[in-house]
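Participant:
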Amino acid sequence: MNSGGTQSSLIRMTDEEFATLTNFVKQKYGIDLTKKRTLIEGRLTNELRHRGFRSFKDYFNVLFNDKAGNETVTLLNKLTTNLSYFMRENEHFEFLRTQVLPYFERTRHRELRIWSAGCSTGQEPYNTAIVLDEYFGTRKSQWDTRILATDISMKVLTQAKAGIYTAEDLKDLPAQWKQKYFIKQADGRFQVCERIRKEVIFRPLNLMEPFHFKKPMDLIFCRNVMIYFDGPTKQQLVNKYYDWTAPGGYLFIGHSESIGNDTRYTYVQPAIYQKKG
């Protein structure tokens, strides 16, 4: 055993335990952790020690017998990184403002169905709602542009609903947007104004399960979510998105991601695809 370093205090997984956990997460959530053994041991050791587990086997007995699913949510919160901030990959919001919204204004009848899939702590859907508000201006009341925002983590959804962020989260926003759409709190943080918060509907959703929507989506954001999925899982998800995209609708993915050439979507520009109708 190493002497002195933090590595010596890690609770190690056996090969069998590692295979059991990665298979469970892959089958249930599509997330591929097969190259993340060190990360798993590092992030879960404190959780196990805090709760008095001596081994991963002991922890699994609780994890796999939790019918309510709270243990799985805690596990995913520990293992997935929720990196999100306003104006992330701003080229998308610029394309939305200059290309997508003018096109939709001509082709849609005063209703847009927008989905932020894997919304994390809410910056993406709120950012989108602000762009919509800026674009439509006085015409906004004539349109229904409420945004569905989903994530598997109840923890991040709770944060997202509150809509409270640090000055660091807002550092890339235009000054006039901060003034117009955010209210400074006593602790120095900022809350999204109620009018914009009402534009976003937050719901828990597992992307691996069947989707149940009343109508197809005009715009789907799934940015920096599929980095956790292997190729076949990603392809399967993109196919589901395509089936739930309205003709002429768009899919935005992260700039570090790719959906490959084997897709029914038409490539528009990096990280932006359209379902031709």
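One rule links them: number in this note's numbering = place in the sequence shown (from 1) + 2.
Here a beta-carbon is modelled for each residue, glycine too, at the ideal position from N, C-alpha and C.
Given the structure is predicted, the values throughout are model-derived calculations rather than measurements.
#1: Please list the terminal residues of the continuous beta strand (DSSP E) segment that includes tyrosine 275.
#2: Report yes if the C-beta distance between isoleucine 198 and tyrosine 128 is below 9 Å; otherwise report no.
#3: Could you give the distance in angstroms between the alpha-carbon of lysine 242 and the alpha-carbon of glutamine 187?
#4: Quick check on leucine 35: buried or exposed, where buried means 16 or more other Cβ atoms within 10 Å of its Cβ?
#5: Can you confirm whether the segment 102 to 114 touches the segment 146 to 155 when touching is taken to mean that 3 or more C-beta pairs between the two stretches lie within less than 8 Å?
#6: Would you call the CB atoms of alanine 151 and arginine 205 closer than 9 Å?
#7: Check the DSSP bridge columns for arginine 205 and list the partner residues they point to.
#8: Excluding the five sequence neighbours on either side, which residues of its own chain have a C-beta within less than 6 Å of the C-beta of glycine 6, listed in chain order?
#9: With DSSP as the reference, label threonine 130 as helix, strand or coil.
#10: Between phenylalanine 254 and leucine 175, how many whole angstroms is the CB-CB distance? I'm expecting something under 8 Å.
#11: Alpha carbon to alpha carbon, what distance is there between leucine 221 and proline 104?
#12: With distance defined between alpha-carbon atoms, name the residue in Arg225, Ile203, Trp179 and Gly190 nearest to isoleucine 166.
#13: Which ranges does the beta strand (DSSP E) cover as unbroken runs of at least 3 residues, wholly within the segment 181 to 264, from first to last along the chain?
#14: Of the choices Gly262, Phe95, Thr130 and Thr76, whose alpha-carbon is the least far from that of lysine 200?
#15: Could you spell out where the beta strand (DSSP E) holding threonine 268 opens and where it closes?
#16: Return the CA-CA distance between phenylalanine 184 and aspartate 171, expressed in angstroms with no decimal places.
#17: Go ahead and label asparagine 25 buried or exposed: buried means 16 or more other beta carbons lie within 10 angstroms of its beta carbon, across all protein chains shown.
#18: On a Cα-Cα basis, can you pick out the residue from Gly120, Val133 and Phe138 that is closest to arginine 108?
#19: Classify tyrosine 269 as buried or exposed, calling it buried when 16 or more other Cβ atoms lie within 10 Å of its own Cβ.
#20: Within 10 Å of its beta-carbon, does asparagine 67 have 16 or more other beta-carbons around it, so buried, or fewer, so exposed?
#21: Using only the alpha-carbon positions, how far apart do serine 10 and glycine 44 sit?
#22: Between Glu126, Phe231 and Val240, which lies nearest to valine 202 when the distance is taken from Cα to Cα?
#23: Short of 7 Å in beta carbon distance, which residues of its chain neighbour valine 46, apart from the five on each side in sequence? Order them along the chain.
#24: Do you know how far the Cα of methionine 15 is from the Cα of tyrosine 61?
#25: Measure the CB-CB distance between asparagine 208 and glutamate 259 and report whether it falls below 9 Å.
#26: Bridge partners of isoleucine 13, per DSSP?
Facilitator: Walking through what the data contain:
#1: Segment 274 to 276, the beta strand (DSSP E) holding tyrosine 275.
#2: Taking the C-beta atoms as reference points, tyrosine 128 is found nearer than 9 Å to isoleucine 198.
#3: So the alpha carbons of these two residues sit roughly 41 Å apart.
#4: Buried is the call here.
#5: Enough Cβ pairs lie closer than 8 Å, so yes.
#6: Yes; because the gap between Cβ atoms is below 9 Å, this pair is in contact.
#7: DSSP lists Thr152 as partners of arginine 205.
#8: Since pLDDT at glycine 6 reaches only 40, below the 50 mark, its modelled position is unreliable, and the value read off the structure follows with that caveat. Within the same chain, no residue comes within 6 Å of glycine 6 by CB-CB distance, once the 5 residues on both sides are set aside.
#9: Threonine 130 falls in the helix class under three-state DSSP.
#10: Contact between phenylalanine 254 and leucine 175 does not hold, since the beta-carbon distance rounds to 19 Å and is not under 8 Å.
#11: Cα to Cα, the separation comes out at about 13 Å.
#12: Residue Gly190 is the option with its Cα nearest to isoleucine 166.
#13: Whole beta strand (DSSP E) segments, 3+ residues: 184 to 186, 192 to 194, 202 to 206, 219 to 224 and 247 to 255.
#14: The residue from Gly262, Phe95, Thr130 and Thr76 with its alpha-carbon nearest to that of lysine 200 is Thr130.
#15: It spans 268 to 271 - the beta strand (DSSP E) in which threonine 268 sits, taken as one unbroken run.
#16: Taking the straight line joining both Cα atoms gives about 12 Å.
#17: With fewer than 16 other Cβ atoms within 10 Å, it is exposed.
#18: The candidate whose alpha carbon is nearest that of arginine 108 is Phe138.
#19: Looking at its Cβ environment, which holds fewer than 16 other Cβ atoms inside 10 Å, tyrosine 269 is exposed.
#20: With fewer than 16 other Cβ atoms within 10 Å, it is exposed.
#21: Residue placement at serine 10 is flagged as unreliable, the pLDDT there being 49, under the threshold of 50; the coordinate-derived value follows with that caveat. Distance between the alpha carbons of serine 10 and glycine 44 is about 11 Å.
#22: Valine 202 has its Cα closest to that of Glu126, out of Glu126, Phe231 and Val240.
#23: It should be noted that the sequence gives leucine, not valine, for residue 46. The answer, listed in chain order, is Lys80.
#24: Going by the C-alpha atoms only, they are around 11 Å apart.
#25: Not closer than 9 Å, so no.
#26: Per DSSP, isoleucine 13 has no beta bridge partner at all.
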